[in-house]
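Numbering (the numbering used here), first residue to last: 1 to 193. Every residue gets a Cβ at the ideal spot worked out from N, C-alpha and C, and that includes glycine. Values in this document were obtained by computation on a predicted structure and should not be read as measured data. Heads up, the thing below is written out as structure tokens.
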Ligand code: 5GP
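The structure is reproduced here in structure tokens:
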């Protein structure tokens with residue numbers, strides 16, 4: 001998606017350790033006009049798939065998921081991150097290793113909000129090693145819901161997440177795919193049709 005790529009070129013910053021900082025428009029301060037265009041694009045890509053629930057993970061997926069949900073007219077459920085195993089009620093859980101925070105946590109979704117009647121689109125801001133997304137896919141599977149696919153804002157194509165998920169037959173659609181990046185050269189995107 002050209003608009004997102006242009007914005008990353010203009011306002012994104014490549015940091016040491018393969019981290020792209022986009023906190024001025026994507027995951028701290030949020031540009032809602034940009035989110036609107038991203039949501040529209042996800043709606044175009046997944047049109048006709050019968051999506052009736054969007055699943056994301058706190059915190060930075062929530063904004064994009066909510067704007068996207070306006071196009072699908074469906075609820076958003078966000079998985080909660082917890083380091084504790086003592087949670088009240090019936091929940092689906094999965095264990096995730098964090099790329100940016102270098103720790104392991106449980107992701108949790110209440111069984112009240114996900115089940116066999118749901119056709120789920122997962123939305124997230126980044127796909128790197130794929131651990132966060134794998135955790136969410138695991139939860140969808142446990143719930144008996146149907147996984148339509150995953151819509152990602154920025155995929156770091158030089159990390160293994162995209163390959164891992166697609167090799168399991170999961171439909172992953174990313175609005176911008178980064179082929180390589182470094183502090184001097186900046187970001188190089190994969191050409192997309
Ligand atoms: P994964 O589990 O795919 O390795 O990482 C996914 C999560 O890590 C994303 O939800 C995102 O919050 C964070 N993340 C991974 N890579 C980056 C990055 O380059 N920049 C930022 N800002 N967050 C990232």
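*Do you know whose CA, among 128, 140, 8 and 97, lies nearest residue 112's CA?*
140
_Reduced DSSP secondary structure (H/G/I, E/B, other) of residue 114_ = coil
*Is the beta carbon of residue 170 sitting closer than 8 angstroms to the one on residue 149?*
yes
*residue 11 vs residue 61 beta-carbon contact at 8 angstroms*: no
*Helix, strand or coil: how does DSSP classify residue 95 here?*
strand
*Helix, strand or coil for residue 180 per DSSP?*
strand
_Mapping the DSSP letters down to three states, classify residue 48 as helix, strand or coil._
coil
_Cβ neighbour criterion (16 or more within 10 Å) applied to residue 32_ = exposed
*DSSP beta-bridge partners for residue 190?*
DSSP output for residue 190 lists no bridge partner at all.
*Do residue 64 and residue 132 come within 8 angstroms of each other at the CB atom, strictly closer than that value?*
no
*asked:* Quick check on the burial criterion: 16 or more other C-beta atoms within 10 angstroms. Buried or exposed for residue 188?
replied: exposed
_Near the ligand 5GP: residue 187 beta-carbon under 7 angstroms from a heavy atom_ = no
*In chain order, which continuous runs of the alpha helix (DSSP H) of length 4 or greater are located wholly inside the region 5 to 82?*
32 to 45 and 61 to 72
*Could you check the C-alpha separation between residue 26 and residue 55 for me, to the nearest Å?*
18 angstroms
*asked:* I'd like to know whether the C-beta atoms of residue 78 and residue 43 end up nearer to each other than 8 angstroms.
replied: no
*Put residue 2 into one of helix, strand or coil per three-state DSSP.*
helix
*Name the DSSP bridge partner or partners of residue 124?*
152
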